[in-house]
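Here is the structure we will look at, set down as structure tokens.
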Amino acid sequence: MRKPETNPQDAIAIGLAALGWAVSDPARADRLLALTGLTPDDLRRRAADPVLLVALLGFLEAHEPDLLACAAALEIAPAMLVDVRRMLEP
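Residues in the sequence shown are numbered consecutively from 4, following my numbering.
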């Protein structure tokens, strides 16, 4: 696993990577949109917006299998995704 980095730029990069992972599966992407109220246009226009990334990371935290699978795919600890959400929260 990569060493966790928690500066704001790394937090956004991790959030974007998690977003890419989340939407790579159509069923998971549909669930993300349904549960967060986001639209495909929101995802396109606001992908790097910390508010959108906080919603995405909260979505992953709410379903532990997704949180664990995303962390494994990104080669980071699941706790790093939680830390990133906390860092990006307003």
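For every residue, glycine included, the Cβ atom is placed at its ideal position computed from N, Cα and C.
- In the assembly as shown, R88 is a buried residue. Its beta-carbon has 16 or more other beta-carbons within 10 Å.
- Contact check for V85 and E67: beta-carbon distance about 11 Å, past the 8 Å limit, so the pair fails to qualify.
- Assigned with DSSP and collapsed to three states, L41 falls in coil, not helix or strand.
- Of A37, P53, D13 and I17, the smallest CA-CA separation from A74 is found for I17.
- Leaving aside the five residues that flank A58 on each side, the residues in its chain whose CB is nearer than 7 Å to its CB run, in chain order, T39 and L41.
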